[in-house]
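Numbering (full-length UniProt numbering), first residue to last: 1 to 162.
Note that the Cβ used here is the ideal one computed from N, Cα and C, for glycine as well.
All values derive from a computational prediction rather than experimental measurement.
Presented below is the structure to which this report refers.
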């Protein structure tokens, strides 16, 4: 069974992107094992704290290493990738051999895709990811998927996808 690692780009309780991830997890229940990255535990990237490897970063790398694929669920913040998502990708894209900055990272050739729930701006977000993901040497799988938030969700807190 495939191992798929979910990266949900919102820390908000009841996040619409987390709800979408849970629906995707249910869909994959008999097809893949799903685990989640806890973005709240990842410090802001800073080369001054890159060595020795922080326990949070070692755990993050181990999760990515064990995964066959990464599925990013991202809100759209000002038509762009949220800082918390970019921060995680910055940590993960670093060379495993710091004496060779162009050396392989834990993300090297990792199959990756993106889904987004937002009011608008999906195309802008997806363009950012289409530039970033190949640069950090991941393999993009298929088309990115976007969903617009149903208007009543702002009152109920419940995302309706279908």
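Asked: Would you kindly work out how many angstroms separate the C-alpha atoms of residue 125 and residue 86, rounded to a whole number?; Found: 12 Å
Asked: What separation, rounded to the nearest whole angstrom, lies between the Cα atoms of residue 64 and residue 153?; Found: 32 Å
Asked: Beta-carbon within less than 7 Å of residue 34's beta-carbon, same chain only, minus the 5 sequence neighbours each way: which residues are those?; Found: 4, 6, 25 and 28
Asked: With H, G and I counted as helix, E and B as strand and the rest as coil, what does DSSP make of residue 156?; Found: helix
Asked: Counting only runs of 4+ residues fully inside the stretch 51-91, write out the alpha helix (DSSP H) ranges in chain order.; Found: 55-66
Asked: Please state whether the Cβ-Cβ distance between residue 93 and residue 140 is less than 7 Å.; Found: no
Asked: Tell me the DSSP secondary structure of residue 119 in three-state form.; Found: coil
Asked: Would you identify the three-state DSSP class for residue 250, choosing helix, strand or coil?; Found: Nothing about residue 250 can be read from this structure; the chain reaches only from 1 to 162.
Asked: By the DSSP assignment, the alpha helix (DSSP H) with residue 16 in it spans what residues?; Found: 16-27
Asked: Grouping DSSP H, G and I as helix and E and B as strand, with all else coil, what is residue 139?; Found: strand
Asked: State the Cα-Cα distance for the pair residue 52 and residue 43, rounded to the nearest angstrom.; Found: 14 Å
Asked: Skipping 5 residues on each side, what residues in its chain have a beta carbon closer than 6 Å to that of residue 72?; Found: 7 and 114
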